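I have placed the structure first, in the form of structure tokens, so that the comments after it can refer back to it.
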Amino acid sequence: MNQRYLIPLTAVFLLFLLAYTGVEGLGLQVVFGVLIPYLAIAAFLIGFVIKVKGWAASAVPFRIPTTCGQQKSLPWIKQNTIDNPNTSAGVFVRMLLEIFTFRSLFRNTKAAFNRNASNKLTYSWEIFLWVGALAFHYAFLVVLLRHLRFFTAPVPGFIQLLENMDGIIQLGLPGLFVSGPVLLLATLFLLSRRVLDAKVSYISQAADYFPLFLIIGIAATGIAMRYFTKVDIIGIKEMTMGLVTFHPHIPEEVGGLFYGHLFLVSILFAYFPMSKLMHMGGVFLSPTRNMANNSRAKRHINPWNYDVPIHTYEQYEDHFRDKMIEAGLPVDKKE
Amino acid sequence: MADELTPDEALDKINFHPRSNSKSRNWLDTTKSVQIRPGMYCYAAKPESVETLGLPYARSWNPTDEDWKLPENWQEILHEGIKERLERFRTFKIFMDICVRCGVCADKCHFFLGTGDPKNMPVLRAELLRSIYRNDFTFAGKLLKNIPGGKRLLGSREMSLEALKEMWYYFFQCTECRRCSVFCPYGIDTAEITIIGRELLNLLGLNIDWIATPVSNCYKTGNHLGIQPHAFKDMLDFFVEDIEEITGVDCTPQYQKKGADILFVTPSGDVFADPGTYTCQGYLILFKYLKEKYGLDVTWSTYASEGGNFGFFTSHETMKRLNAKMYVEAKRLGVKWILGGECGHMWRVINQYMDTMNGPADFLEVPVNPITGTRFDNAASTKMVHICEFTADLIKHGKLELDKSRNANRILTFHDSCNPARGMGILDEPRYCIKACADHFYEMPPNTIREQTFCCGSGAGLNAGENIELRMAGALPRANAVKYVHEKFGVNSLATICAIDRAALPTMCEYWVPEVDVIGVHELVGNALILPGEKKRTEDLRMEPLPGVEEE
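Line order of the protein sequences matches chains A and B.
Following the numbering used here, the numbering of the first sequence begins with -16 at its first residue and continues without gaps.
Following the numbering used here, the numbering of the second sequence begins with 72 at its first residue and continues without gaps.
Here it is, written out as structure tokens:
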């Protein structure tokens, strides 16, 4: 049982160590600073495209939206146009809410059962996972966008703005970016849920713990570099600009901690398309959410629809004609 | 049913802590955990029924036997089956790939809530198949399967006989109610996975008899119960006699009438078993009223005498084969459009599949209610209207004379049936009809109604006798909510718009909440509707004294 999280934990630790010693001990800066990041990005892009193309290649034969509200029917019955949309506009809003606010997750409830005189099953609103998931995803997004500062020169205005907002709480020097600790804490919350909630723990596999440990590793090394070890930012910027302009350059003063961070990020990118992290792409294509409930109003075509044998009326009447006539039921052929 | 658990014993078994409740610490360890237990499974399909439909590998086999008499190349058949379905259904492919196992669905399933069996968590039901998918169809799976411990890390496994048995056991412990899909952040619909899982099992002849025999009956005879045409008429004649005794009015329906305005199709459960039969009497009374008052011409058909579609629990193809009859018959009779009775999965099939599979219904007209002039634009293509939409429209326009007091003894609550609620969204129409026909109506708690409604525990072909323990466990969340309103408001009647509900919920009530009756919405309509020329009614459709009449 422990192997489900001990192995991924050890793996992430070893991966970090691999890059750290590779750079500090063996001087493999080019491997960990240039070669692997390029390979990782390629694996991410190619893998992502293959996966999405694979999904898109599969048919959507039937409209099967999950309807979470009143259908469009009689004019005086109020339709729930978002949860049970019959138009593309409604679907669009439904998807926006799903993607940006995790609307379905917001509904989450927790069931409890009391074995006593009333034997009541109760359901309470369970908002913590929603909060944790939102915090995690948005913090990750902000961190990711903030990192664009390393890959752009001059740094675009919106990134400056984002940084200013992210650093709105002034604490010491360098100023604190809220997104960093939020990302770390949210990931730790998701991890604790996996370990402590009996149901979630039972279903969790190593593949569920690995990305969590990886992201914790990334966040922790990032925070360490910014606030504690004070890495050579100028050197890093030179290096990242070298990567995006395809003129790789290895600065001298940047140490193992940075390469460890970069390697974990590379692993995350390369691992992404072959893992459950692809829910990022899949959520857009989920047929129960992205289709309008209008299949009684509009005909939809199944690309592989084929004819099937049916028991025809003629066969039916041939079989039962005498009985039908005797019972006074109308028949086509009186014989 | 002497070995049936008492409600107290069933409640003692509930435990939401998987590790203490499960013999295996890891669900991947199939051999240690799969045990097909009496009370929790349905009997295997009879070979004759499988043969009628020309489905593969008809044979007699027994789920509790070691040997399932599988074809030699069964793994290959399944592998090809999965491959084909990954291309045919984007749902299947995406749902196999993107689950993050967040566990939100876990405590949404009535079977998990009622049994505590961790493999009844929707995520794990899907993982049973997903673990095979990962092993055989993904890059990571192919990469890791030959490395020691690799499979364990990924959560993948090979298609073994044990894995197959487990899939069979748990795919027939899912009522395809879709409650989990409401809460899933990616809209993963376990019902869709179950549908495809069962379709795969059918490739090996592994169906259950409570599905296969109705399907075979429906195919040959026109309805699930295998009621032959003359017997179907006999049964309705019987209702006609009862109605005449109660109201003094002859409500004899028409059969296969060419050129009628509307073809009416309802689940045969309404014709066959109490309390659905009372709902059926309600339809007859309504149609008689409309005929007398407005000249509306409705016909029934013995050929298309089944609205329900157990093919839906078999495979997409079988569903299509059974569903085809409605259009075939409507065309032959030359009606204008089709009216559908109160039924759960029937309406999911009509709403989500029918037009795509068996349309276009261009020989029919866009449904217009000739009495009110309402055009049912939401059914412009299928040309099929739900009877609750139809009746609600009539009531709204004041076209029905209703005497609510006849239902005054009914303190009602409404059970949203899963399929119409989550696969269609018919929520307010039946409530409107109920409130027009009765005065006392109370909702169950919000987490148990509308799109969050709980299954009756017997849907998707699981309403057999031999799996009663499973059914009662699955019905617990629904029953618990009924019990709440029963105790709080004195609710004594559970209204619903599904024939399976009308068959399953009385057993549930008897077990968990005695003193609550199950009633169809159109039984309430039938009671309340004042038929032209009727005598003074003293009994309701169940031939019980009307409220206020007892004392006279």
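Glycine is no exception: its CB is placed at the ideal position from the N, C-alpha and C atoms.
Keep in mind the model is a prediction, meaning the values are calculated, not measured.
Please tell me whether residue i and residue j are closer than 9 Å, where the distance is taken between their beta carbons.
| i | j | result |
| --- | --- | --- |
| G185 of chain B | A115 of chain B | no |
| Y92 of chain A | S107 of chain A | One detail in the question is off: residue 92 of chain A reads as Thr in this sequence, not Tyr. Going by C-beta atoms, T92 of chain A is nearer than 9 Å to S107 of chain A. |
| E500 of chain B | L145 of chain A | no |
| S87 of chain A | Y257 of chain B | yes |
| V584 of chain B | K554 of chain B | yes |
| F384 of chain B | E540 of chain B | no |
| A574 of chain B | N518 of chain B | no |
| S249 of chain A | A23 of chain A | yes |
| L483 of chain B | A509 of chain B | yes |
| E263 of chain B | F160 of chain B | yes |
| K391 of chain B | V43 of chain A | no |
| F96 of chain A | I219 of chain A | no |
| C459 of chain B | I356 of chain B | no |
| L197 of chain A | L251 of chain A | yes |
| S564 of chain B | V596 of chain B | no |
| L225 of chain B | L141 of chain B | no |
| P300 of chain B | L312 of chain A | yes |
| R549 of chain B | T318 of chain B | no |
| N206 of chain B | E233 of chain B | no |
| T271 of chain A | S252 of chain B | yes |
Rounded to the nearest angstrom, what separates residue i and residue j at their Cα positions?
| i | j | result |
| --- | --- | --- |
| L(-3) of chain A | M515 of chain B | 54 Å |
| R176 of chain A | C173 of chain B | 9 Å |
| F310 of chain B | S339 of chain B | 14 Å |
| Y326 of chain B | V369 of chain B | 9 Å |
| K454 of chain B | W408 of chain B | 5 Å |
| Q106 of chain B | L307 of chain B | 44 Å |
| I148 of chain B | I267 of chain B | 14 Å |
| K164 of chain B | A275 of chain A | 20 Å |
| V314 of chain A | V437 of chain B | 28 Å |
| F434 of chain B | G405 of chain B | 8 Å |
| I421 of chain B | Y(-12) of chain A | 47 Å |
| P234 of chain A | M78 of chain A | 45 Å |
| R351 of chain B | T135 of chain B | Checking the sequence, you will find Cys at residue 351 of chain B rather than Arg. Spanning the two alpha carbons is a distance of roughly 39 Å. |
| L576 of chain B | T204 of chain A | 58 Å |
| V121 of chain B | N288 of chain A | 23 Å |
| H302 of chain A | K61 of chain A | 48 Å |
| T284 of chain B | I298 of chain B | 13 Å |
| G152 of chain B | N380 of chain B | 23 Å |
| V194 of chain B | T261 of chain B | 8 Å |
| E221 of chain A | V171 of chain B | 37 Å |
Answer with buried or exposed for residue i, where buried requires no fewer than 16 other C-beta atoms within 10 angstroms of its C-beta.
| i | result |
| --- | --- |
| P189 of chain B | buried |
| E237 of chain B | buried |
| K317 of chain A | exposed |
| V227 of chain A | exposed |
| L361 of chain B | buried |
| N144 of chain B | exposed |
| S101 of chain A | exposed |
| H230 of chain A | exposed |
| I29 of chain A | exposed |
| S529 of chain B | buried |
| W59 of chain A | exposed |
| K213 of chain B | exposed |
Mapping the DSSP letters down to three states, classify residue i as helix, strand or coil.
| i | result |
| --- | --- |
| R172 of chain B | coil |
| Y106 of chain A | strand |
| D572 of chain B | helix |
| F31 of chain A | helix |
| P142 of chain B | coil |
| D368 of chain B | coil |
| R446 of chain B | strand |
| M274 of chain A | coil |
| K93 of chain A | strand |
| F485 of chain B | strand |
| M72 of chain B | Here the model assigns M72 of chain B a pLDDT of 44, short of 50, so the residue's position is not dependable, and the following value carries that caveat. Three-state DSSP puts M72 of chain B in coil, outside helix and strand. |
Exercise. Which whole runs of the alpha helix (DSSP H) in the region 321 to 354 of chain B are 4 residues long or more, in chain order?
Worked result: 340 to 343
Exercise. In chain order, which alpha helix (DSSP H) runs of at least 4 residues are fully inside the region 136 to 216 of chain A?
Worked result: 140 to 149, 162 to 179, 181 to 186, 189 to 206
For this session: Please specify which runs of the alpha helix (DSSP H), each continuous and at least 4 residues long, are wholly inside the region 540 to 599 of chain B, giving them in chain order.
Result: 570 to 583, 592 to 599
Problem set entry | 4-residue-minimum alpha helix (DSSP H) runs that sit fully inside the region 154 to 237 of chain B, ordered along the chain | 161 to 168, 181 to 186, 193 to 208, 210 to 215, 221 to 225
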